[in-house]
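Report on one structure; see the data block that follows.
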Amino acid sequence: MTRSFRRTGLRRIGVLGACTVAAAAFAAAAPAQAVDGFEFTLYAKEVPGEGATETGQTPKVGDVFTVADDLYKTKGGDTVGRDGVTCAVVRVSGDQADANCVGTFVLNGGPGGQITAQALVTFDVSNETPAAYDIAVTGGTGDFKEARGYVRTTPDGDYEQLEFHITTR
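Taking numbering that gives the first Met the number 0, the leading residue of the sequence shown gets 0, the next gets one more, and so forth.
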């Protein structure tokens with residue numbers, strides 16, 4: 000995703016959205032099932048919120064923003080899931096800002112369930128393309144019960160590439 004606070008106001012800097020999936024998509028994507036875990040890649044694209052505007056304002060401590068993404072097995076392919084993310088700006092210093100973000104990925108099918116994740120994301124408010132970062136997996140439901148691991152999010156044009164590395168033990 001190529002968003003920034005400067006360009007999009009109080010929209011998310013990365014994806015915690017990070018993060019999500021569907022049964023046929025998982026089978027078609029052929030995620031590698033590691034011993035007691037999963038590894039797979041999805042692509043996230045933001046779903047604009049109703050009434051969202053691009054303010055171009057510099058973030059301030061206490062600003063809160065939410066983001067929702069559709070998730071795809073391939074860029075422009077079938078939708079295989081969704082995510083929801085809420086972030087709060089906790090520090091601003093010069094061109095740097097920290098946002099504490101919490102999100103949930105909904106994964107439908109086999110494997111299925113939800114994955115919860117969070118990250119303290121540091122970003123340059125003047126940069127149009129945020130850097131890659133890792134999101135900690137904090138838990139899950141269904142096939143992702145007791146999930147741990149991380150999601151690596153990397154900007155990829157109009158999308159974000161999400162590499163899931165999950166253990167379930």
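The beta-carbon is built from N, C-alpha and C at its ideal position, and this holds for glycine as well.
*asked:* So, with DSSP's three-state summary, where would you put G141?
replied: Position 142 of the sequence shown, counted from the start, is the residue given in the question as residue 141. The answer is helix: DSSP assigns G141 an H, G or I state.
*Identify, in the order they occur along the chain, each residue of the same chain with its Cβ nearer than 6 angstroms to the Cβ of F143, setting aside the five sequence neighbours on each side.*
For the purposes of this step, residue 143 is taken as residue 144 along the sequence shown, with counting starting at 1. Result list for F143: G112 and I114, in chain order.
_Suppose you measure from the CA of Y158 to the CA of V66; what does that come to, to the nearest Å?_
Here residue 158 is taken as the residue at index 159 of the sequence shown, counted from 1. Here residue 66 is taken as the residue at index 67 of the sequence shown, counted from 1. Each residue's Cα considered, the two are about 14 angstroms apart.
_Whole-angstrom distance between N99 and R90, CA atom to CA atom_ = Here residue 90 corresponds to residue number 91 of the sequence shown, with the count starting at 1. Here residue 99 corresponds to residue number 100 of the sequence shown, with the count starting at 1. Whole-angstrom Cα-Cα distance: 9 angstroms.
*Indicate whether G80 and T103 have their beta-carbon atoms separated by less than 8 angstroms.*
The residue given as residue 80 occupies position 81 in the sequence shown. The residue given as residue 103 occupies position 104 in the sequence shown. For G80 and T103, no; Cβs fall outside 8 angstroms.
*asked:* Tell me the DSSP secondary structure of D155 in three-state form.
replied: Taking the sequence shown and counting its residues from 1, the one referred to as residue 155 is at position 156. D155 falls in the strand class under three-state DSSP.
_Within the continuous beta strand (DSSP E) that includes T103, where are the two ends?_
Locating residue 103 in the sequence shown gives position 104, counting from the first residue. Its beta strand (DSSP E) spans residues Q95 to L106.
*Alpha carbon to alpha carbon, how far is G61 from D94?*
As a first step, residue 61 is located in the sequence shown; it is residue number 62 there, counting from the start. As a first step, residue 94 is located in the sequence shown; it is residue number 95 there, counting from the start. Whole-angstrom Cα-Cα distance: 17 angstroms.
_Coil, strand or helix - Q160 by DSSP_ = Here residue 160 refers to the residue found at position 161 when the sequence shown is read from its first residue. Reduced to three states, the DSSP call for Q160 is strand.
*Pick from N107, R168, H164 and G139: whose alpha carbon is nearest that of Y71?*
Here residue 71 refers to the residue found at position 72 when the sequence shown is read from its first residue. The option with the nearest alpha carbon to Y71 is N107.
_For E38, the three-state DSSP class (helix, strand or coil)_ = Residue mapping note: residue 38 aligns to position 39 of the sequence shown, counting from 1. Strand.
*Short check: CB of F64 to CB of I165, under 8 angstroms?*
Along the sequence shown, one-based indexing puts residue 64 at 65. Along the sequence shown, one-based indexing puts residue 165 at 166. Cβ distance not < 8 angstroms, so F64 and I165 don't count as in contact.
*Which term fits L41, buried or exposed, when burial requires 16 or more other beta carbons within 10 angstroms of its beta carbon?*
The residue labelled residue 41 in the question sits at position 42 within the sequence shown. By the neighbour-count rule (16 or more Cβ atoms within 10 Å), L41 is buried.
*T57 and D69 look like a contact to me (Cβ under 8 angstroms); what is the Cβ gap, rounded to whole Å?*
Residue mapping note: residue 57 aligns to position 58 of the sequence shown, counting from 1. Residue mapping note: residue 69 aligns to position 70 of the sequence shown, counting from 1. Between D69 and T57 the Cβ distance is about 29 angstroms, and since that is not below 8 angstroms, they are no contact.
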